[in-house]
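Residue 1058 is where the sequence shown starts when you use the numbering used here, and the numbers rise one by one after that. All C-beta atoms in this analysis are idealised placements derived from N, C-alpha and C, irrespective of residue type, glycine included. Here is the structure we will look at, set down as structure tokens.
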Amino acid sequence: MRGFLRGLLTDAQGRADEMALLTILGLVSFIGLEVFAVVVRHQHFDAEGYGMGLGSTIGAATLGMGLKSKFGD
């Protein structure tokens, strides 16, 4: 299991892949928040709003990594 997670979260050179980590954390938090809202609080879960927020976060991370690779540290 540990090797599988390491394979998901690292690139070919063995460095951490931030986009993979952000995506996996977003998916896990989506499922957790959905279960909490529906089962515990008996509310409707706004998946569209969550998806827009997560998409904005991933877009900002992509822009930041692109600018970092273009202009350096």
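Own chain, CB closer than 6 Å to residue i, minus 5 neighbours either side, in chain order
i       : result
Val1095 : Phe1102
Pick from the options that is closest to residue i, judged by C-alpha positions
i       : options                               : result
His1099 : Gly1106, Leu1090, Tyr1107 and Gly1123 : Leu1090
Rounded distance between the beta-carbons of residue j and residue i, thought under 8 Å
i       : j       : result
Gly1083 : Leu1066 : About 14 Å; that fails the 8 Å criterion.
Tyr1107 : Phe1093 : Going by Cβ atoms, the distance from Tyr1107 to Phe1093 rounds to 12 Å, so no, they are not a contact pair.
Any non-hydrogen atom of the ligand ATP closer than 7 Å to residue i Cβ
i       : result
Met1109 : With respect to small molecules bound, the structure shown includes none, and the ligand ATP cannot be examined in it.
Neighbourhood of residue i by C-beta distance below 7 Å, restricted to the same chain and skipping five residues each side
i       : result
Ala1118 : Glu1075, Met1076 and Leu1079
Same chain, Cβ closer than 8 Å to residue i, neighbours up to 5 away in sequence not counted
i       : result
Ile1081 : Leu1065 and Leu1066
Simplified DSSP assignment, three categories, for residue i
i       : result
Ala1069 : coil
Arg1098 : coil
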